[in-house]
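Numbering (my numbering), first residue to last: 139 to 660. Note that CB positions come from ideal geometry on N, CA and C, so glycine has one too.
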């Protein structure tokens with residue numbers, strides 16, 4: 139039955155629209171009407187000008203496109219970027235849902251596990267310890283500046299396993315950068331929560347701080363001489379930024395650190411200064427002062443000796459004469475004879491001293507007072523040092539010696555209460571010294587007959603040193619007086635094992651364990 143005129147018009151309109159929507163008259167054949175739709179075709183349809191000969195509204199057109207989608211399907215999965223393009227072209231939610239329902243599913247592929255190192259990019263954010271390269275003398279002279287860019291390979295611990303140069307600078311700066319990079323460490327890469335090898339980029343920028351070194355050094359020294367080290371240190375640092383081995387700047391900054399009681403950086407700067415210039419007596423003098431303040435008198439004496447060798451006139455200066463007490467071994471009698479000269483030198487040195495040096499002069503004068511057996515003045519000087527500089531740990535040892543010596547002096551005068559108080563103060567000053575424990579044990583034992591307390595103090599001394607024959611001998615007698623015969627015999631034997639010349643221990647042991655007579659066959 140022939141089609142009516144209206145039906146023929148509708149069919150023709152559909153064919154024409156298909157050609158308009160899907161871009162090519164070749165698609166008017168059967169294959170064009172049955173193959174899956176493409177996304178470019180859908181977008182072209184959505185962007186068609188309306189009204190046209192087929193549709194008067196967008197709603198009519200989208201309804202017809204949905205019918206085609208359900209009939210012919212769509213050739214590729216609906217990905218996020220494709221969906222965004224469709225929406226931008228004017229796709230409705232109903233159209234998107236139709237495409238989603240009539241397009242292939244997105245296949246999720248499992249990524250192949252990475253076996254190579256993790257790319258970390260710029261490594262500066264992962265620095266744990268960045269070693270900075272120093273300028274070479276050639277680069278300073280040539281005023282070479284610029285960037286050295288390095289590619290680093292890191293192991294699972296963040297250490298540098300390999301270095302490749304990406305950009306270079308001449309005059310040895312590339313080599314300095316590589317050397318510094320190899321000694322640097324970084325936060326290691328991770329993969330699946332576990333440490334992994336990594337790669338990244340490290341950049342070193344070489345810049346020259348153009349300053350007038352001589353003028354800057356003079357200004358820094360002036361600030362230091364005014365005890366304004368907080369302002370002097372940055373000026374010395376500016377010089378060291380240009381020349382890291384500048385001996386005078388290292389000396390100045392190290393001295394300032396010393397004045398601020400920052401002994402570790404002071405020693406680091408002074409040690410570096412000595413490597414740059416081993417002919418400057420001041421470097422060794424201030425190094426000696428640091429070691430004195432750190433409680434290392436033997437190393438301090440070595441550096442005082444080096445300073446005096448380089449500048450013999452130091453021996454005539456009161457400050458040097460006060461500080462360098464350990465220039466020669468002295469017996470107690472020799473020390474007592476030398477004490478007045480040392481005290482006078484210290485008193486003269488006080489006039490131009492302040493800060494840490496002043497505290498050290500008090501400390502040395504206190505030692506001289508102790509050598510003179512003037513224990514009250516010695517203790518006053520040591521306590522003054524302890525109040526003004528709590529970091530000066532060496533003063534505790536000297537306080538212990540002074541209190542203990544004054545306690546022995548009182549004991550010999552049979553002033554047992556004062557002796558007890560002083561040796562107790564000695565224990566408080568330096569709890570790790572066995573000597574005052576032994577002396578307090580003797581006071582408990584022989585003066586007050588308090589045997590349990592004596593045993594406790596001598597046991598404390600033995601815990602601190604197992605080589606004190608006196609401690610074992612005293613404790614043995616305390617055990618004997620407490621009717622602990624076996625413990626007493628064991629202690630007397632131990633005392634004689636340590637010191638066979640301990641006559642008190644031998645006499646006491648013979649009393650408890652007399653020698654059996656032997657029979658001789660004449």
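Nearest neighbour of residue i, chosen from the options [CA to CA]
i           : options            : result
residue 229 : 199, 515, 257      : 199
residue 215 : 244, 202, 193, 525 : 244
residue 604 : 623, 588, 572      : 572
residue 439 : 455, 459, 454, 451 : 459
residue 552 : 255, 567, 585      : 585
residue 257 : 431, 340, 346      : 340
residue 175 : 530, 209, 517      : 209
residue 275 : 346, 494, 428, 196 : 346
residue 576 : 550, 548, 587, 607 : 607
residue 196 : 173, 218, 227      : 227
residue 614 : 601, 315, 592      : 592
residue 399 : 640, 529, 278, 514 : 529
residue 290 : 476, 547, 323      : 323
residue 330 : 376, 363, 255      : 255
residue 272 : 181, 342, 332, 211 : 342
residue 268 : 309, 381, 320      : 320
residue 369 : 383, 394, 382, 353 : 394
residue 474 : 508, 456, 441      : 508
residue 371 : 381, 305, 355      : 355
Inter-residue Cα distance where the pair is residue i and residue j
i           : j           : result
residue 307 : residue 281 : 12 Å
residue 165 : residue 188 : Any reading at residue 165 must be qualified, since the residue scores a pLDDT of 34, below 50, and its modelled position is unreliable; no value is offered.
residue 504 : residue 628 : 42 Å
residue 408 : residue 533 : 23 Å
residue 221 : residue 234 : 7 Å
residue 596 : residue 589 : 10 Å
residue 454 : residue 483 : 10 Å
residue 646 : residue 625 : 13 Å
residue 148 : residue 237 : Model confidence at residue 148 stands at a pLDDT of 43, short of 50, so the residue's coordinates are unreliable and nothing is read from them.
residue 612 : residue 631 : 12 Å
residue 261 : residue 379 : 24 Å
residue 465 : residue 497 : 20 Å
residue 270 : residue 451 : 41 Å
residue 239 : residue 207 : 9 Å
residue 279 : residue 348 : 12 Å
residue 516 : residue 644 : 38 Å
residue 385 : residue 351 : 12 Å
residue 514 : residue 377 : 48 Å
residue 211 : residue 190 : 25 Å
residue 242 : residue 213 : 7 Å
residue 641 : residue 651 : 15 Å
residue 510 : residue 554 : 23 Å
Reduced DSSP category for residue i - H, G, I as helix; E, B as strand; rest coil
i           : result
residue 266 : strand
residue 534 : helix
residue 626 : helix
residue 649 : helix
residue 611 : helix
residue 175 : strand
residue 582 : helix
residue 479 : helix
residue 555 : helix
residue 323 : strand
residue 303 : strand
residue 600 : helix
residue 375 : helix
residue 188 : coil
residue 641 : helix
residue 636 : helix
residue 234 : helix
residue 663 : In the structure as shown, the chain starts at 139 and stops at 660, and residue 663 therefore has no counterpart that could be examined.
residue 245 : coil
Paired residues, beta bridge with residue i - DSSP
i           : result
residue 465 : None, per the DSSP bridge assignment.
residue 337 : 257, 291
residue 284 : 344
residue 298 : 292
residue 561 : Its beta-bridge partners do not exist; DSSP assigns none.
residue 328 : 333
residue 212 : 175
Any chain D beta carbon closer than 8 Å to residue i
i           : result
residue 321 : The structure shown has no chain D; it contains just one protein chain.
Check: residue i C-beta below 7 Å from any heavy atom of the ligand FMN
i           : result
residue 200 : As presented, the structure is devoid of all ligands, the ligand FMN included, so that no description of it is given.
Quiz prompt | the stretch 395–414 / the stretch 297–304 touching (three or more Cβ pairs under 8 Å) | solution = No contact exists between the stretch 395–414 and the stretch 297–304.
Self-check item: Cβ pair count under 8 Å reaching 3, the stretch 436–453 against the stretch 413–425
Solution: Between the stretch 436–453 and the stretch 413–425, the count of C-beta pairs closer than 8 Å reaches three or more; the two stretches touch.
Quiz prompt | the stretch 473–492 touching the stretch 522–540, judged by at least three CB pairs closer than 8 Å | solution = Note that the stretch 473–492 does not touch the stretch 522–540; fewer than 3 beta-carbon pairs, one per stretch, sit closer than 8 Å.
Self-check item: Cβ pair count under 8 Å reaching 3, the stretch 540–548 against the stretch 561–569
Solution: In this structure the stretch 540–548 lies against the stretch 561–569, because at least three pairs of beta carbons, one per stretch, are closer than 8 Å.
Quiz item: Does the stretch 389–400 touch the stretch 357–368, meaning 3 or more C-beta pairs lie closer than 8 Å?
Solution: Of all C-beta pairs linking the stretch 357–368 to the stretch 389–400, three or more are shorter than 8 Å, placing the two stretches in contact.
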